[in-house]
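Colleague: Pasting a structure here, questions to come.
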Amino acid sequence: MKRQLGSNERIVYLNIQAGAINFVVVAHLSIPLQQDHVRKALEILCERHPLLKTRIAIEDGMPWFTSDRVPPISLRVVTRRDDRHWIEEAEHEVNTQLPSKTGPMIRAVLLTSPEATDVLIRFHHVIGDGMSGMYLMRDLLNLSEKISRGVSPSVDPFPERPPIEGLLPPGARGFSDFMKTTSLIGKQLYNITVQRPKKIPRDSTSPRKELSAHILHHSFTPEMTERLVNRCREESSTVHGTVCAALLESVAHHICKRNGYSRSVTVGCMSAVDMRRFLIPPVSEEVGFYASMVITSHKITRNTAFWNLACEVTESVHHSISRGEPFVFVSLLGRLVPQNAPPSDMAKRASEMYPAALLVTNLGRLNIEEDYESLRCKAIHFAVSNKAVPDFFNAALVTYKGRLIMNFSFNSPILSSEHATTLADETIDILNTAIQ
Numbered sequence: 000m001k002r003q004l005g006s007n008e009r010i011v012y013l014n015i016q017a018g019a020i021n022f023v024v025v026a027h028l029s030i031p032l033q034q035d036h037v038r039k040a041l042e043i044l045c046e047r048h049p050l051l052k053t054r055i056a057i058e059d060g061m062p063w064f065t066s067d068r069v070p071p072i073s074l075r076v077v078t079r080r081d082d083r084h085w086i087e088e089a090e091h092e093v094n095t096q097l098p099s100k101t102g103p104m105i106r107a108v109l110l111t112s113p114e115a116t117d118v119l120i121r122f123h124h125v126i127g128d129g130m131s132g133m134y135l136m137r138d139l140l141n142l143s144e145k146i147s148r149g150v151s152p153s154v155d156p157f158p159e160r161p162p163i164e165g166l167l168p169p170g171a172r173g174f175s176d177f178m179k180t181t182s183l184i185g186k187q188l189y190n191i192t193v194q195r196p197k198k199i200p201r202d203s204t205s206p207r208k209e210l211s212a213h214i215l216h217h218s219f220t221p222e223m224t225e226r227l228v229n230r231c232r233e234e235s236s237t238v239h240g241t242v243c244a245a246l247l248e249s250v251a252h253h254i255c256k257r258n259g260y261s262r263s264v265t266v267g268c269m270s271a272v273d274m275r276r277f278l279i280p281p282v283s284e285e286v287g288f289y290a291s292m293v294i295t296s297h298k299i300t301r302n303t304a305f306w307n308l309a310c311e312v313t314e315s316v317h318h319s320i321s322r323g324e325p326f327v328f329v330s331l332l333g334r335l336v337p338q339n340a341p342p343s344d345m346a347k348r349a350s351e352m353y354p355a356a357l358l359v360t361n362l363g364r365l366n367i368e369e370d371y372e373s374l375r376c377k378a379i380h381f382a383v384s385n386k387a388v389p390d391f392f393n394a395a396l397v398t399y400k401g402r403l404i405m406n407f408s409f410n411s412p413i414l415s416s417e418h419a420t421t422l423a424d425e426t427i428d429i430l431n432t433a434i435q
C-alpha cells in the first residue's frame, strides 16, 4: 500500500506530532487466552485491513502511508493483578508514542491470569476511529478462539480505500461544500466572539510534553441503563444528548465555582460523528479514520431544567448533522492550515477553532457478537486521549450487553485528578438523579 494522507488524516497526523491523540479498546474475557493464538490472529488481521501494516513516510515534505518494511504488530504480555489493572496498562499505552515512522501504528496488550483475560488494542488515530477498534477487537477475539480450537481461519481482505474526502457524497463537494464551509466558519466565529463559551479552568500551565493522560471508568448496571434509555425516550432526548447535558451541567458548575461567576455560563460540547453510513460507497467494518464532529454551545443558568438541556443538545446535534457540518469539518482545518504548517501551529489552530470544553464520543449500542464459541466476552469499551488539544474533558461511551459503559479521560496536571474525579462523579450523580 502507498498513498498520500488525505487532509483529514494529515490534520490528525499533525496534531499527533504536537501531542498524542490516541484511543485504546478494551475487552474483558472470562477465560485465559494463549499469547501465541493472539499473535497469530493479529498476523491474520493485517491481511484483512491494509492500514494495520503501514507506517508514515515523508516525501517532498508530505506524509504518505506505506507498507514497505513494516514489522509485525507488537503484543505485550502482562500478568493480570485484578479487575482494575487494565486502567494502569491503558494509561501506559496512551501516554507512550507509537512509532509512526517505522510502524505499525497499532499495538496490543494481553493481561493474563488463570481466571480471566483483558485484551487492549491501542491505535494511532490516523489509521482508525472508535468503530474501527470495536470491529477489530471483535475479529481478534473471533480469530483467537478459532485458532485455540485448531481451526485455520481465513479472512477476506478489504480493499485499499482513498481518504475520506474521496468518499464524500457529491453534495459535500464543490460549490455546495464551499457554501457550507463559509456558513460553518461564520457559526464558529459567532460562537467564539458572541457566545464566548468557556473552557475548564486549568490547574497548571504545563507544556504538552509534561502531560499525562488518565482514565476514570464507570459502568451502569443493565437495570440503570434501561431506565436511562426509557426516560430519554419519554423526554424526547437521546442517551448521547442526555449524557452531554449531565457533563455540561457538571462543567458549568465547576467553571462558576472556580471563576466566581454567578450560575450563568456558556459551554461548548464537541460530539464525534461516525461518517461510515454517509460515504459513497458506504464503509462497513474496515479499519480507517472515518469520523468527524459537530460542536454545539449551550448557555446554562441556575434555572436551566435538565431535560430541557438534554433535548436542546439532542436537537442541536441532529440539526448540525442535517446541515452537513460533519462533512465540512472533514476539510475545514485542511483549508485553514498551510501544507507545510508545523505541528505546533496545527494544535494552536485546533484550539482556536474548537470552542469546546468537552469531547463526547458515543458508539451507541454495539451490534457485534457477544460470545465466540468457548470464549466468553464480558465487556468491550474504549477510552480516548487528546494531548494536542489538552483542555478537553473526554467521555467515551458504548452500550454492550445492555450496559452503558463510560470512560472519562483528562490530562494532568492541566486538570488535577481531584477536579477530574469531581467532574466525573457529578456527571454520574446528575444522571442518576434525572432517572429517579
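Numbering (the numbering used here), first residue to last: 0 to 435. Where is the CB? At the ideal position from N, CA and C, for every residue including glycine.
Are the CB atoms of Arg-38 and Leu-74 within a distance shorter than 8 Å?
Modeller: A contact, by the Cβ cut-off of 8 Å.
Colleague: Suppose you measure from the CA of Lys-197 to the CA of Cys-231; what does that come to, to the nearest Å?
Modeller: So the two alpha carbons sit approximately 27 Å from each other.
Colleague: Give the straight-line distance between the Cα atoms of Gly-60 and Asp-390, rounded to the nearest whole angstrom.
Modeller: Cα to Cα, Gly-60 sits roughly 30 Å from Asp-390.
Colleague: Would you say the beta carbon of Pro-62 comes nearer than 7 Å to a heavy atom of the ligand NAP?
Modeller: The ligand NAP is not part of the structure shown, which contains no ligands of any sort.
Colleague: Would you identify the three-state DSSP class for Arg-461, choosing helix, strand or coil?
Modeller: A question about residue 461 goes unanswered here, because the residues of the chain that appear run from 0 up to 435.
Colleague: Assuming Ile-427 and His-239 form a contact by the criterion Cβ under 8 Å, report the distance between their Cβ atoms to the nearest whole angstrom.
Modeller: 16 Å between Cβ atoms; not a contact.
Colleague: In three-state terms, what does DSSP make of Glu-58?
Modeller: Glu-58 falls in the strand class under three-state DSSP.
Colleague: Assuming Ile-404 contacts Ala-378 (C-beta within less than 8 Å), just tell me the rounded distance between them.
Modeller: So it is a contact: roughly 6 Å between Cβ atoms.
Colleague: As an exercise, report each continuous beta strand (DSSP E) stretch of at least 3 residues that is fully enclosed by the stretch 85–118, in chain order.
Modeller: Fully enclosed beta strand (DSSP E) runs of 3 or longer: 105–111.
Colleague: Express the C-alpha separation of Asn-406 and Val-264 in angstroms, rounding to a whole number.
Modeller: Cα-Cα distance, rounded: 25 Å.
Colleague: Helix, strand or coil: how does DSSP classify Ile-318 here?
Modeller: Note on identity: in this sequence residue 318 is His, with Ile being the wrong assignment. Note: His-318 maps to helix in three-state DSSP.
Colleague: Am I right that Met-274 and Ala-355 are in contact with their C-beta atoms under 8 Å? What's the rounded C-beta distance?
Modeller: Their Cβ separation, rounded to whole angstroms, is 19 Å, which puts Met-274 and Ala-355 out of contact at 8 Å.
Colleague: To the nearest angstrom, how far is it from the Cα of Ser-29 to the Cα of Leu-110?
Modeller: Distance between the alpha carbons of Ser-29 and Leu-110 is about 12 Å.
Colleague: Can you pull the DSSP bridge partners for Asp-273?
Modeller: Ala-290, per the DSSP bridge assignment.
Colleague: What residue from Leu-215, Leu-32, Leu-4 has the CA that sits closest to Glu-425's CA?
Modeller: Measuring from the Cα of Glu-425, the nearest candidate turns out to be Leu-215.
Colleague: Kindly confirm or deny that the stretch 152–164 and the stretch 103–121 touch, where touching means at least three C-beta pairs closer than 8 Å.
Modeller: The stretch 152–164 vs the stretch 103–121: no contact.
Colleague: From which residue to which residue does the alpha helix (DSSP H) around His-239 run?
Modeller: Taken as a continuous stretch (DSSP letters only), the alpha helix (DSSP H) holding His-239 covers 238–258.
Colleague: Nearest by alpha-carbon distance to Glu-90: which of Glu-42, Val-24, Ile-146, Pro-71 is it?
Modeller: Nearest C-alpha to Glu-90: Val-24.
Colleague: If you count every other CB in all the chains shown that lies within 10 Å of the CB of Asn-229, and 16 or more means buried, which is it?
Modeller: So Asn-229 counts as exposed.
Colleague: For the beta strand (DSSP E) that contains Gln-3, what are its first and last residues?
Modeller: First-last of the beta strand (DSSP E) with Gln-3: 1–3.
Colleague: Have a look at Phe-305, Ser-291, Ser-315, Glu-311 and flag the residue whose alpha-carbon is nearest the alpha-carbon of Pro-325.
Modeller: Closest by alpha carbon: Ser-291.
Colleague: Roughly how many angstroms separate the alpha carbons of His-252 and Arg-262, rounded to a whole number?
Modeller: Cα-Cα distance, rounded: 7 Å.
Colleague: Could you tell me which residues DSSP pairs with Arg-364 in its beta bridges?
Modeller: Paired residue(s): Thr-398.
Colleague: Taking just the CA atoms, how far does Ile-57 sit from Lys-100?
Modeller: Taking the straight line joining both Cα atoms gives about 9 Å.
Colleague: From what residue to what residue does the alpha helix (DSSP H) around Arg-137 run?
Modeller: Start and end: 129–147.
Colleague: Tell me which residues share the same chain as Pro-280 and place their Cβ nearer than 8 Å to its Cβ, disregarding the 5 neighbours each side in the sequence.
Modeller: Closer than 8 Å at the Cβ level, and outside the excluded window around Pro-280, lie Leu-166.
Colleague: In chain order, which beta strand (DSSP E) runs of at least 3 residues are fully inside the stretch 20–69?
Modeller: Entirely contained in the stretch 20–69, the beta strand (DSSP E) runs reaching 3 residues are, in chain order, 20–28, 54–58, 61–65.
Colleague: Measure the Cβ-Cβ separation of Ile-199 and Val-250 and say whether it is below 8 Å.
Modeller: For Ile-199 and Val-250, yes; Cβs fall inside 8 Å.
Colleague: Pick out whichever of Asn-141, Thr-116, Ala-40 has its Cα sitting closest to the Cα of Glu-368.
Modeller: The shortest C-alpha separation from Glu-368 is found at Asn-141.
Colleague: Compute the Euclidean distance between the alpha carbons of Asp-117 and Asp-35, then round it to the nearest angstrom.
Modeller: Computed Cα separation, rounded: 15 Å.
Colleague: Have a look at Pro-221, Leu-357, Val-359, Tyr-134 and flag the residue whose alpha-carbon is nearest the alpha-carbon of Asn-366.
Modeller: Closest by alpha carbon: Tyr-134.
Colleague: By DSSP, does Ile-279 sit in helix, in strand, or in coil?
Modeller: Reduced to three states, the DSSP call for Ile-279 is coil.
Colleague: Applying the criterion that 16 or more other CB atoms from any shown protein chain within 10 Å of the CB defines a buried residue, is Met-0 buried or exposed?
Modeller: Exposed.
Colleague: Start and end of the beta strand (DSSP E) containing Ser-416?
Modeller: It is not in any beta strand (DSSP E) - Ser-416 instead sits in the alpha helix (DSSP H) that spans 416–433.
Colleague: How long is the line joining the alpha carbons of Ala-387 and Gly-102, rounded to whole angstroms?
Modeller: Looking at the two C-alpha atoms, the distance is approximately 21 Å.
Colleague: For Leu-44 and Phe-305, I'd like the C-alpha separation in whole angstroms.
Modeller: Approximately 45 Å, taken between the alpha carbons.
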